Structure formats: structure tokens, C-alpha cells
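Colleague: Sharing a structure below in C-alpha cells format, with a few things to ask.
Residue numbers (the UniProt record's numbering), protein chains in the order written: chain A, 1 to 248; chain B, 1 to 248.
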């Protein structure tokens, strides 16, 4: 069986940013929810993997944002796996208004880790053998490595991972990271511009009470580079690039 | 016309805490959404008030929590105004499973402030004259003052209000405060207990980049007192009491 997941979400007030548009962390939460439901249909959900002592890890996520919906509007998220190879499974997302106007799209790369060894492992056979949907137009596979270095120097902010930042696997959730890194661009960008693209490379997990350092620096007039690092070990937790366009 | 708002929300993975139960901040976001929709029906929504240069301010919210739903379950939130007097309007909430099992209930007290004078004003006439539902069983009106003092001493945490913590009125949103104060109880409470009651008194607004100090101290074996204060002015932003019960 092949499964394509489609969900409709009506934008709630808590999902808006201070400019009254759907916030990117809120959109990512919806995308994660639809991905979850699709994985459940394929019997490769978090609980299915946990039974075999495996866990999912998002390795890369790239989102392009074209238009932002407002309060009360409904958006339709479609997601499905597009390819499976030895180590990685690829998943695309399409985000549209109910009448079919494109709002955003995204592609992502996932790997499995062994809970015992805490390291990446080849995708287990029950994941490799899923049947992919055929009537789709997949995005290009994302490369595993960024073409940029993380910013260095004084961190813009230090964060202690809080109780509400961690998920049921006791890892910091991906959306919390994105919220922290977006908040460290300058005020004018947040107030006057729209995020048009976000490309995130996840490197290491982090946990409750970990202290993380967030670094952000402008790369050009319309893009920023971001890095999140463990304060004590110096390990990279993630690297990211954000692109912004003038909106007002 | 009278309006009673009822909405069904299916619990998403991002709405769970690390124990896999609906998180209280996520529940508060849903309650806020249903309250919003009810206010829109009554033509006393945020935009209706803004037209007259008024704003809503939540003064007190008390929630009692009996059972926590899990991933994928649906909850039904019902909310309506219960009373209006010179300064305050009262709103109740009922949170149930789809088959009618009580999960939580809440009552709340709201006031209006003048955007120009930044102070509380008597409720404008168009709010005072709304028709209340009659077939309801309202909770007791909450008193405006707490019967406890905020904790003093070294703050458990200092927070800089971030971009995603503020709402369209450029005020810190109520749910952000609650998340911060709950995170400062001790680890065992978060991991091993369930919040059974939360009673919050909101005092002053705060804004983007404000530094806030969060203080929490145990009041008894099952309750904590909390205070959030502006770091620079020393003004109380809120006071709260939380009650917890053993759950495992």
C-alpha cells in the first residue's frame, strides 16, 4: 500500500507571530504532525521503530515559503515519502490554501539511529521495503552536507533546554531549535521581513538542562547563517541558513 | 443572541509534554482559541475592541485538571461568558473527551484597558450589554486578589522576552508566562507529578526584549508559589499558585 497524507489545519491565534501571520515554528509543528500520521499509516511511526530499538532523526529540512496565511484561514498539508536508500529516507511536503494556492513546500531527509549504540545505522529492512507513492513529482534529494560554515564568535544567546522543549524521546525538539535561531536575527528582519527559505542541518541531539549557544550572522543583505552548539562539549547541534525577503 | 462556543481539537504530537500527555501550555492555547471565536460571535473580539482603542486583558485564570488526554485523542472545549459587571467580564471553560468525560474546567476574569491611557477602564457599554447564555451553571466569580504573596529571593531563572513570545498587541502572551513558571518547579515534580490546578493573577504587561525574573518556591508538599517580575522596574507581572498530584 502507498499512503499520501493530507490534513487541513485552521490557523489559531496562538499560531500567529507578532505580525499576525502564521509563525514558522507553528507551521513546522503542523508539518511534523502530518509526517507522523503518514509514518503511522506506513507502520514506521516512532512507536514502531522503538519496538526495534530504533529512533528517527531528522537530518536536513529545507522549507520554501511563498505566502503566509492569516488568522482563521485553513491550510492543507500533503506529505509522503519520495525515496529510500541505504541510510536515508526522503519526505516532501506541500502546503496550500484550500483552493490550491501554493503557500510553501519542503523536503526533508531522515535517518535511523540505534537507541543502544546512539549512532546512525543503515535503515532497517521494514523501512527500506515500504512502497512509495508513484503519482508524485518529488523534489531533488537534499545533499547531506551544508556548503557553508557555522558562524563563530560571541553567541547571540545562550539557552538552557527546558521541560517543554523536549519530546517523548527526551530530545530537544526540532521546532524549539528553529524558534531559538530565528529569534537571534536582528529586530528589523523580524519586524519588516518575511522568511522565504530555511535550510537546517541537524547534527547532534541535546537534552533537558543542556546549555546551548546560538550564533547568527548576516551572510548577505537577504540571508543569515546560524549555528547552535553545546556550551560544554562545543559540539555542533545544528547549522542553518535563512533567507528573507522584504514584505511591506 | 447568546453564543456558546464548542470546538473539537485532536491532540497533535507537538502538544504533548515529555511524558506524552497534553501539555498545559498547549491546552491553554486551545482554550484561548475557543474564547477568541466566542468573542468574535459576540462582536467583542480583539479587533472590535481595537476599533474603540480598547484592549482585553486577562486578569485571573484558574484551571483545574482531572485527566490528561494522550496523542491522537480529541477533546471538546466549551466556553461562554457567565457574568458582566462594571469592570469585569467572566468566562468559563469546560474541557471534555468526545464521550463526555470531564478532563478539566476553568474560570477566568477579564478587564478592558484604554490603549491611549494604558490603564484599566470600566467595561464599555457594547460589552456590558451582551446577552449571556442562560442554560449554564456558572462557576463562582473569582476574587481579584490572591491570598498569597509572591516568592522572594534569588530568581530561579531570568528570561528575555523573545519575538515568538509576543502577540499581535506586542504584549507577552499569557501562555508564554505559564510555560516559564511551570518550568521552574523542581525536576521531580515535572517528571513524576501532574499539575492538578493552576491559578494565575496577571498584573502588568511586558514587551519584546524585556528581562523578566521567574521565582518559584514550594508552598507545601503539593503546591508551589510563583512570581514573574520585571528585572528593571521590579514590577510584578504575575503571581501564581500551582498544585500537583502524584501520578505514577
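C-beta: ideal position from N, C-alpha, C; glycine also. Every value quoted in this text rests on a predicted model; they were computed, and no experiment measured them.
Cβ atoms of residue 89 of chain B and residue 110 of chain B: under 7 Å apart, would you say?
Modeller: yes
Colleague: Would you say residue 158 of chain A reaches chain B, if we count a Cβ-Cβ gap shorter than 7 Å as a contact?
Modeller: no
Colleague: Measure the CB-CB distance between residue 74 of chain A and residue 105 of chain A and report whether it falls below 7 Å.
Modeller: no
Colleague: Using the C-alpha atoms, what's the distance from residue 201 of chain B back to residue 85 of chain B?
Modeller: The alpha-carbon atoms of residue 85 of chain B and residue 201 of chain B are separated by roughly 19 Å.
Colleague: Starting from the C-beta of residue 199 of chain A, find all residues in its chain whose C-beta is less than 6 Å away, skip the five residues before and the five after it, and write them out in chain order.
Modeller: 62 and 241
Colleague: Report the residues of the UniProt domain "Acyl-ACP thioesterase-like C-terminal" (157 to 245) of chain B with a CB closer than 7 Å to any CB of chain A, ordered along the chain.
Modeller: 162, 163, 164, 166, 167, 168, 170, 175, 179, 183 and 190
Colleague: Note down, in chain order, every chain A residue with its Cβ under 7 Å from the Cβ of residue 36 of chain B.
Modeller: 13
Colleague: Using the rule of at least 16 other Cβ atoms within 10 Å of the residue's Cβ for burial, across every protein chain shown, is residue 42 of chain A buried or exposed?
Modeller: buried
Colleague: Please look up how many angstroms separate the CB atoms of residue 212 of chain B and residue 159 of chain B, rounded, as I've assumed it's under 8 Å.
Modeller: 5 Å
Colleague: Run through chain A and tell me which residues come within less than 7 Å of residue 16 of chain B, C-beta to C-beta.
Modeller: 168
Colleague: Does any residue of chain B have a CB that is nearer than 7 Å to the CB of residue 154 of chain A?
Modeller: Interface criterion not met: the Cβ of residue 154 of chain A is under 7 Å from no Cβ in chain B.
Colleague: Only counting the same chain, and skipping five residues up and downstream in sequence, which positions put a Cβ closer than 6 Å to that of residue 171 of chain B?
Modeller: 205
Colleague: Which residue marks the beginning of the beta strand (DSSP E) containing residue 89 of chain B, and which one marks its end?
Modeller: 89 to 97
Colleague: Determine, for residue 135 of chain A, whether the minimum Cβ-Cβ distance to residues of chain B falls below 7 Å.
Modeller: Closer than 7 Å: no.
Colleague: By the 8 Å beta-carbon criterion, what residues does the region 26 to 59 of chain A contribute toward chain B?
Modeller: Flagged, chain order: 29, 30, 32, 33 and 36.
Colleague: Just to confirm, are residue 175 of chain B and residue 25 of chain B a CB contact at a threshold of 7 Å?
Modeller: It is a contact, given that the beta carbons lie within the stated cut-off.
Colleague: Please decide whether residue 20 of chain A counts as near chain B, where near means a Cβ-Cβ distance under 7 Å.
Modeller: yes
Colleague: Using a threshold of 7 Å, state whether the C-beta atoms of residue 217 of chain A and residue 227 of chain A are closer than that.
Modeller: no
Colleague: Restricting to Cα atoms, I'd like to know which of A:243, A:96, A:7 and A:203 is closest to residue 219 of chain A.
Modeller: A:243
Colleague: Which same chain residues, not among the five before or five after residue 47 of chain A, have their C-beta less than 6 Å away from its C-beta?
Modeller: So the list is empty, once near-sequence residues are dropped.
Colleague: Do residue 33 of chain B and residue 13 of chain A have their CB atoms nearer than 7 Å?
Modeller: Yes. Within cutoff.
Colleague: Between residue 55 of chain A and residue 115 of chain B, what straight-line distance do the alpha-carbon atoms span, to the nearest angstrom?
Modeller: Pairing residue 55 of chain A with residue 115 of chain B, the inter-Cα distance amounts to about 50 Å.
Colleague: What does residue 23 of chain A touch in chain B if you count any residue whose Cβ is under 8 Å from its own?
Modeller: Neighbours of residue 23 of chain A on chain B, chain order: 164.
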